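If you want our numbering, it's the position in the sequence shown, counting the first as 1, plus 4.
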Amino acid sequence: MLDLIKDICGLLGKRKKFWLLPIFVILVLLGALLVLSQGSAVAPFIYTLF
């Protein structure tokens, strides 16, 4: 997982594709939201947002 993050950072630095950074951040946040909402007490509160 850490290698993937290093590769993405290297891609953003070499290719000057800094506009991709917000997309990656949003995808990571949505993934974390899905993981947290699977089996926790926070799930009912997350479902009310959508």
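Think of the CB as a built atom: it goes at the ideal place given N, C-alpha and C, for glycine as much as any other residue.
Note that the coordinates shown come from a computational prediction; the quantities given were computed from them, not determined experimentally.
Going by DSSP, what residue range makes up the alpha helix (DSSP H) through M18?
Within the sequence shown, the letter at position 14 stands for residue 18. A small correction: the amino acid at residue 18 is Lys; Met does not occupy that position in the sequence shown. Counting along the chain, the alpha helix (DSSP H) containing K18 begins and ends at L6 to R19.
Run of the alpha helix (DSSP H) containing F28, from where it starts to where it stops:
The count along the sequence shown starts at 1 and reaches residue 28 at position 24. Here the alpha helix (DSSP H) through F28 covers L25 to Q42.
Are the Cβ atoms of F22 and L16 separated by less than 8 Å?
Here residue 22 refers to the residue found at position 18 when the sequence shown is read from its first residue. Here residue 16 refers to the residue found at position 12 when the sequence shown is read from its first residue. Closer than 8 Å, so yes.
Alpha-carbon spacing of L34 relative to D7, whole angstroms
Position 30 of the sequence shown, counted from the first residue, corresponds to residue 34. Position 3 of the sequence shown, counted from the first residue, corresponds to residue 7. Their Cα atoms are separated by approximately 21 Å.
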